[in-house]
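>
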Amino acid sequence: MTANFLAKAPTGISGLDEMTMGGLPKGRPTLLCGGPGSGKTLLSMSFIVNGALRYGEPGVFMSFEERPEDLRANFTSLGFDVDDLTKRELLVVDHVRLERSEIEESGEYDLEGIFVRLGYAVDTIGAKRVAIDTIEALFAGLSNEAALRSELRRLFGWLKERGLTAIITGERGASHLTRYGLEEYVSDCVIVLDNRIVDQLSTRRLRILKYRGSAHGADEYPFLIDERGASVLPISSAGLDHSACPERMSTGVASLDSMLGGEGYFVGSSILVSGAAGTGKSSLAAHFAEAGCGRGEKVVYVALEESAPQIIRNMASIGVDLGRWATSGLLRFNAARPSYYGLETHLAKILREVQCFQPKLAVIDPISSFLSIGSGREVHAMLLRLADILKAHNVTTVFTELVATNLRRDEAEASVSSLMDTWISLRRLEIAGDARRALCIVKSRGMAHSRRVREFVLEDAGFTVVDEPLDPSITTLRQEPGA
Amino acid sequence: MTDTAPTPSTRYVLCLFVTGASPRSVRAIRAVRDICDERLAGRYDLEVVDIYRHPQRAREDQVVGAPTLVKSLPLPVRRIIGDMSNGSRLASGLGLIAR
């Protein structure tokens, strides 16, 4: 760190400001490079509009690529109204059109047209921020590369001289960072975006390649763009420094609470509920969610295999009325098939929901379905981060996991349990010709808990652990093979 | 080029965007006036705009390089960028057969 205080301009993009410890270098240009579809345009737009709306810094968006109607649609997709912002003198959008077929070059020239346009836009609204997307289009429109290069150098100098915080975007090149080597002109901050497609699932990632004079995270971070704008998921913000909360929270099943020292789960802890198909995992999770709502606490239910109406209907059959809480807004369903996105995007979406909705409780049902889109090792790494993030936000979370009891537990399954504070295993039993159910608290860190295998019933009135111990004469609890 | 060759009576509408009195601007103004007087006498309108004094025109008329000569008529529209020191490029941009 230098002795000089390095001023920063917040981007307002959740995660990115944490990674950069405050934002982009204030009054200096930042190079943002990435391939097509990596999110350069939307990220730059977010930077400009957030500056205008949240930090009192009007901005100029100069586009070389998108047509004005596409630009407008892009702003709208982020929830921004270009006309309104323009009218309020918070934003100037200037679309630079360069049609090669219209152009003839005769003798020497410079790019004063661009400088005049930028200067005029900046002066009109007192802009503090500028985004230029993607200036390399000049190379496609004009042929005097030497002139363009010297003008680009002058442009970066001009931006600095005027104290503008700027994002310049560039196309990713094969041998260089950008196709035309823009990195040569920007020395302060370079951010790389990447849109990788693995198994037909795309995941955007962001990496800070360089940030002069400032500490920054060096890893790649998942990067998400949706109707709520752009956000980056900084993994480093999750860690092991969560405070261990001594408070407790009901499981939603009184008889299960009593097995857990009479008080239920620890607030902010991670709970794994595993079992074969039809053992009652979702039912137990639903009780937990309903109890939370009953206390007036917000709950997010991430449904990976069933739709919200399906879950509501199924739970109503055991007397758990989730529909009422969904209507009241205390319970929010996030239903998405695992195959909709890559693991990173799922993670980023859940984080976004946690940040926006601020739930006290969460249900992830079931985590085993992530194995359809990633290897055991990748899923484990993702769940580790997910559990850390939820903990860091003090969200008490029930993760359900489908296990096939007739198979050896595979590595991913076994390793997930080590991330959990409490592990409840549900089983089906066959006792004297009756199909019955039993549960066992395999572990529950930091509390005294029952270690017995207990029978439970799932009826109209819901999930209840049976008082009487299982007949001790039944020495072999035959587990049914999985479905 | 697919445009029909302009007949001797075709009217030209031209606008030359310059940056103050820079040497390139001065050269461009002279070259454009010369070719107009020589080849388009009596049938051209030439407007000279200093984008330093009228910056909004730079945006409205999509000026990127300076100087830029925009030929709006006859169609097709052409933008000739530079100090116009290459006479044959200038003539070809204007749709006049280069000498």
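If you're matching them up, the sequences are chains A and B in order.
Here the first sequence is numbered in my numbering, starting from 1 and rising by one per residue.
Here the second sequence is numbered in my numbering, starting from 1001 and rising by one per residue.
Cβ coordinates follow ideal geometry from the N, Cα and C atoms, glycine included.
1. Could I get the ranges of all uninterrupted beta strand (DSSP E) runs contained in the stretch 117-172 of chain A, with 3 residues as the minimum, in chain order?
2. Consider the Cβ of leucine 1090 of chain B: report whether some Cβ of chain A lies at a distance smaller than 8 Å.
3. Using a C-beta to C-beta distance shorter than 9 Å, which residues of chain B count as neighbours of valine 122 of chain A?
4. Beta-carbon separation of isoleucine 1029 of chain B and alanine 1091 of chain B under 8 Å?
5. So, does the CB of aspartate 1083 of chain B fall closer than 8 Å to a CB anywhere in chain A?
6. Closest to valine 1063 of chain B by CA distance: which of A/Asp94, A/Phe47, A/Gly229, A/Cys189 is it?
7. Out of A/Leu429, A/Pro366, A/Val465, A/Val267, which has the shortest C-alpha to C-alpha gap to histidine 393 of chain A?
8. By the 10 Å Cβ neighbour count, where 16 or more other Cβ atoms means buried, how is valine 300 of chain A classified, buried or exposed?
9. Give every residue of the same chain whose Cβ lies closer than 6 Å to the Cβ of threonine 1010 of chain B, excluding the five residues on either side of it in the sequence, and list them in chain order.
10. Give a yes or no on whether 8 Å exceeds the smallest Cβ distance from aspartate 410 of chain A to chain B.
11. Please classify isoleucine 431 of chain A: does DSSP put it in a helix, a strand, or coil?
12. Find out if the Cβ-Cβ distance for the pair glycine 39 of chain A, alanine 7 of chain A is shorter than 8 Å.
13. Does the distance from the CB of isoleucine 373 of chain A to the CB of glycine 342 of chain A come in under 8 Å?
14. Taking DSSP as the reference, what is the three-state secondary structure of glutamate 401 of chain A?
15. Taking the alpha-carbon positions, what's the serine 106 of chain A to valine 354 of chain A distance?
16. What residues of chain B sit near leucine 98 of chain A, judged by a beta carbon separation below 7 Å?
17. Under three-state DSSP, which class holds methionine 382 of chain A?
18. So glycine 224 of chain A and arginine 97 of chain A are supposed to be a Cβ contact under 8 Å. How far apart are they, rounded?
19. Is the Cβ-Cβ distance between threonine 422 of chain A and tyrosine 221 of chain A less than 8 Å?
20. Quick one: does serine 63 of chain A have its CB under 8 Å from some CB of chain E?
21. For leucine 155 of chain A, is the beta carbon positioned less than 7 Å from some heavy atom of the ligand MG?
22. Would you kindly check if the distance between the Cβ of phenylalanine 399 of chain A and the Cβ of methionine 382 of chain A is under 8 Å?
23. Can you find a C-beta in chain A that's less than 8 Å from the C-beta of tyrosine 1108 of chain B?
24. Mind checking threonine 76 of chain A: buried by the 16 CB within 10 Å criterion, or exposed?
25. For a contact meaning CB atoms closer than 8 Å, what does leucine 111 of chain A contact in chain B?
26. Taking beta-carbon pairs under 8 Å, can you tell me which members of the stretch 118-143 of chain A lie near chain B?
27. Using CA atoms only, rank isn't needed, just tell me which of A/Glu459, A/Gly15, A/Glu112 is closest to serine 150 of chain A.
28. With a CB to CB cut of under 6 Å and the five nearest residues on each side skipped, what residues in its chain are close to glycine 180 of chain A?
29. Drop a sphere of 10 angstroms on the beta-carbon of isoleucine 132 of chain A, count the other beta-carbons inside from all chains shown, and report buried for 16 or more, exposed for fewer.
30. Taking only the alpha-carbon atoms, compute the straight-line gap between leucine 1040 of chain B and tyrosine 1012 of chain B and give it to the nearest angstrom.
31. My output table needs one value for alanine 303 of chain A: the three-state DSSP class, helix, strand or coil.
32. Using a cut-off of 7 Å between C-beta atoms, extract the partners of glycine 107 of chain A located in chain B.
33. Quick check: what's the CA-CA separation for alanine 326 of chain A versus glycine 294 of chain A?
34. List the whole-angstrom C-beta distance separating proline 1067 of chain B from tyrosine 120 of chain A, where the pair is believed to meet the contact cut-off of C-beta under 8 Å.
Let me spell this out:
1. You should have 129-133, 165-171.
2. Working through the second sequence from its first residue, we reach residue 1090 of chain B at position 90. Closer than 8 Å: yes.
3. Residue numbering aside, residue 122 of chain A sits at position 122 when the first sequence is read from its first letter. Per Cβ cutoff of 9 Å: no residues; valine 122 of chain A is ~11 Å from chain B at best.
4. Numbered from 1 along the second sequence, position 29 holds the residue referred to as residue 1029 of chain B. Numbered from 1 along the second sequence, position 91 holds the residue referred to as residue 1091 of chain B. Against a cut-off of 8 Å, the Cβ pair of alanine 1091 of chain B and isoleucine 1029 of chain B comes out as no contact.
5. Along the second sequence, one-based indexing puts residue 1083 of chain B at 83. Chain A contact via Cβ: present.
6. As a first step, residue 1063 of chain B is located in the second sequence; it is residue number 63 there, counting from the start. Nearest option by C-alpha distance: A/Asp94.
7. Reading the first sequence from its first residue, position 393 is the one you call residue 393 of chain A. Comparing Cα-Cα distances from histidine 393 of chain A to each of A/Leu429, A/Pro366, A/Val465, A/Val267, the minimum goes to A/Val267.
8. Start at 1 with the first residue of the first sequence, and residue 300 of chain A comes out as number 300. Valine 300 of chain A should be labelled buried.
9. Residue 1010 of chain B sits at position 10 when you count from the first residue of the second sequence. Exclusion of the five residues before and after threonine 1010 of chain B leaves Pro1074 as the residues of its chain whose Cβ lies within less than 6 Å of its Cβ.
10. Translated into the one-based positions of the first sequence, residue 410 of chain A becomes position 410. With a pLDDT of 45 at aspartate 410 of chain A, under the threshold of 50, the modelled position of that residue is not reliable, and the figure given next carries that caveat. It does not; no Cβ of chain B falls within 8 Å.
11. Taking the first sequence and counting its residues from 1, the one referred to as residue 431 of chain A is at position 431. For isoleucine 431 of chain A, the three-state secondary structure derived from DSSP is strand.
12. Within the first sequence, the letter at position 39 stands for residue 39 of chain A. Within the first sequence, the letter at position 7 stands for residue 7 of chain A. Not in contact: glycine 39 of chain A and alanine 7 of chain A (Cβ atoms no closer than 8 Å).
13. As a working note, residue 373 of chain A is residue 373 in the first sequence. As a working note, residue 342 of chain A is residue 342 in the first sequence. Between isoleucine 373 of chain A and glycine 342 of chain A, the C-beta gap is smaller than 8 Å, which places the two residues in contact.
14. For the purposes of this step, residue 401 of chain A is taken as the residue at position 401 of the first sequence. In the three-state scheme derived from DSSP, where H, G and I count as helix and E and B as strand, glutamate 401 of chain A is classed as strand.
15. Residue 106 of chain A sits at position 106 when you count from the first residue of the first sequence. Residue 354 of chain A sits at position 354 when you count from the first residue of the first sequence. Per the coordinates, the alpha-carbon of serine 106 of chain A lies some 59 Å from the alpha-carbon of valine 354 of chain A.
16. What you label residue 98 of chain A is simply residue 98 of the first sequence in a count that begins at 1. Think of a sphere of 7 Å around the beta carbon of leucine 98 of chain A: the chain B residues whose beta carbon falls inside it are Val1064, in chain order.
17. The residue labelled residue 382 of chain A in the question sits at position 382 within the first sequence. Three-state result, methionine 382 of chain A: helix.
18. Mapped onto the first sequence, residue 224 of chain A falls at position 224. Mapped onto the first sequence, residue 97 of chain A falls at position 97. Before going further, note that residue 224 of chain A is leucine rather than glycine in the sequence given. The Cβ separation is near 31 Å, so there is no contact.
19. Stepping through the first sequence from its first residue, residue 422 of chain A is reached at position 422. Stepping through the first sequence from its first residue, residue 221 of chain A is reached at position 221. In this structure, tyrosine 221 of chain A does not lie closer than 8 Å to threonine 422 of chain A by Cβ.
20. Absence of chain E from the displayed structure is noted, the protein chains being A and B.
21. Absence of the ligand MG from the depicted structure is noted, as is the absence of any ligand whatsoever, leaving it without description.
22. Your numbering for residue 382 of chain A matches position 382 in the first sequence. Your numbering for residue 399 of chain A matches position 399 in the first sequence. Not closer than 8 Å, so no.
23. The shown model of chain B, from 1001 to 1099, leaves out residue 1108 of chain B, and the question about it has no answer.
24. The residue you call residue 76 of chain A lines up with position 76 of the first sequence. Classified as exposed, threonine 76 of chain A has fewer than 16 neighbouring CB atoms from the shown chains inside 10 Å of its CB.
25. Here the question's residue 111 of chain A lines up with position 111 in the first sequence. Chain B residues near leucine 111 of chain A: Val1064, Gly1065, Ala1066.
26. For the stretch 118-143 of chain A, the residues whose beta carbon sits under 8 Å from a beta carbon of chain B are, in order, Gly119, Tyr120, Ala121, Leu138, Gly141, Leu142.
27. Reading the first sequence from its first residue, position 150 is the one you call residue 150 of chain A. Checking every option, the nearest Cα to that of serine 150 of chain A belongs to A/Glu112.
28. Residue numbering aside, residue 180 of chain A sits at position 180 when the first sequence is read from its first letter. The sequence shown places tyrosine at residue 180 of chain A, not glycine. Result list for tyrosine 180 of chain A: Glu136, Phe139, in chain order.
29. For the purposes of this step, residue 132 of chain A is taken as residue 132 along the first sequence, with counting starting at 1. So isoleucine 132 of chain A counts as buried.
30. Here the question's residue 1040 of chain B lines up with position 40 in the second sequence. Here the question's residue 1012 of chain B lines up with position 12 in the second sequence. Roughly 8 Å separates the two Cα atoms.
31. Looking up residue 303 of chain A in the first sequence gives position 303. DSSP, reduced to helix, strand and coil, places alanine 303 of chain A within a strand of the structure shown.
32. Counting from one through the first sequence, the residue named residue 107 of chain A turns up at place 107. For glycine 107 of chain A, the neighbours in chain B by C-beta distance under 7 Å run, in chain order, Gly1082, Asp1083, Met1084, Ser1085, Asn1086.
33. Here residue 326 of chain A is taken as the residue at index 326 of the first sequence, counted from 1. Here residue 294 of chain A is taken as the residue at index 294 of the first sequence, counted from 1. The alpha-carbon of alanine 326 of chain A is positioned some 12 Å away from that of glycine 294 of chain A.
34. One-based indexing of the second sequence puts residue 1067 of chain B at position 67. One-based indexing of the first sequence puts residue 120 of chain A at position 120. Between tyrosine 120 of chain A and proline 1067 of chain B the Cβ distance is about 18 Å, and since that is not below 8 Å, they are no contact.
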